[in-house]
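What follows is a set of notes on a single structure, which appears directly below.
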Amino acid sequence: MSKVTQKHMEEICNKLMDGKSMNQICDGNQHLPNKRTVYRHVQKDERAWEQYSKARAIQGEDIDDQIMDIINEPLPSDPKIAMATVQYKRLKVDALDKRKRQLQPLGGIRNNPSDSSPSVSGTIQLSWNE
26 MSKVTQKHME EICNKLMDGK SMNQICDGNQ HLPNKRTVYR HVQKDERAWE
76 QYSKARAIQG EDIDDQIMDI INEPLPSDPK IAMATVQYKR LKVDALDKRK
126 RQLQPLGGIR NNPSDSSPSV SGTIQLSWNE
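Under the working numbering, the letters of the sequence shown match residues 26 to 155, in that order.
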């Protein structure tokens, strides 16, 4: 299948928001186009790009929930296993946090440049008294 329809994009974006990867969504799914076709479509179609971008930003919000779930999981009672579990959790949380920052480079669910801190312009004059 080579054409990406609006119905395909809606299904793909819904699954992205549920935390699925494009590999999980498109590989082996006979009624959806392959991921390269979807990526090309997203590059060419402004509406598809906006849908896809918003879905990825929401996916970043889902990652926040995953991180909180990992942090709040109880530790095993055995101290040796607990220490290994803490290290494992740290690695997993760090990887998820990095992915979230990639999905939301502007730091929020909307991910709009206009939502980031406004820039300040002006002139600064420096002088020295001799």
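Note that the Cβ used here is the ideal one computed from N, Cα and C, for glycine as well. Only a predicted model underlies this, so the values are computations on that prediction, with no experimental measurement involved.
Between the alpha carbons of asparagine 54 and lysine 60 lies a distance of about 10 Å. For glutamine 91, the closest C-alpha among the options Gln76, Asp43, Lys69 is that of Asp43. With respect to glutamine 76, cysteine 38 sits close: the two C-beta atoms are nearer than 8 Å. Buried is the label assigned to alanine 82, since at least 16 other Cβ atoms lie within 10 Å of its Cβ.
Contact check for leucine 41 and glutamine 84: beta-carbon distance about 5 Å, within the 8 Å limit, so the pair qualifies. The beta carbons of valine 111 and leucine 100 sit closer together than 8 Å. In the displayed model, lysine 79 falls within a helix according to three-state DSSP. The C-beta distance from valine 118 to isoleucine 96 rounds to 7 Å, short enough to fall under 8 Å. Note on geometry: alpha-carbon atoms of glutamate 35 and lysine 79 lie some 12 Å from one another. Following the DSSP letters along the chain, one finds glutamate 36 inside the alpha helix (DSSP H) bounded by residues 31-42.
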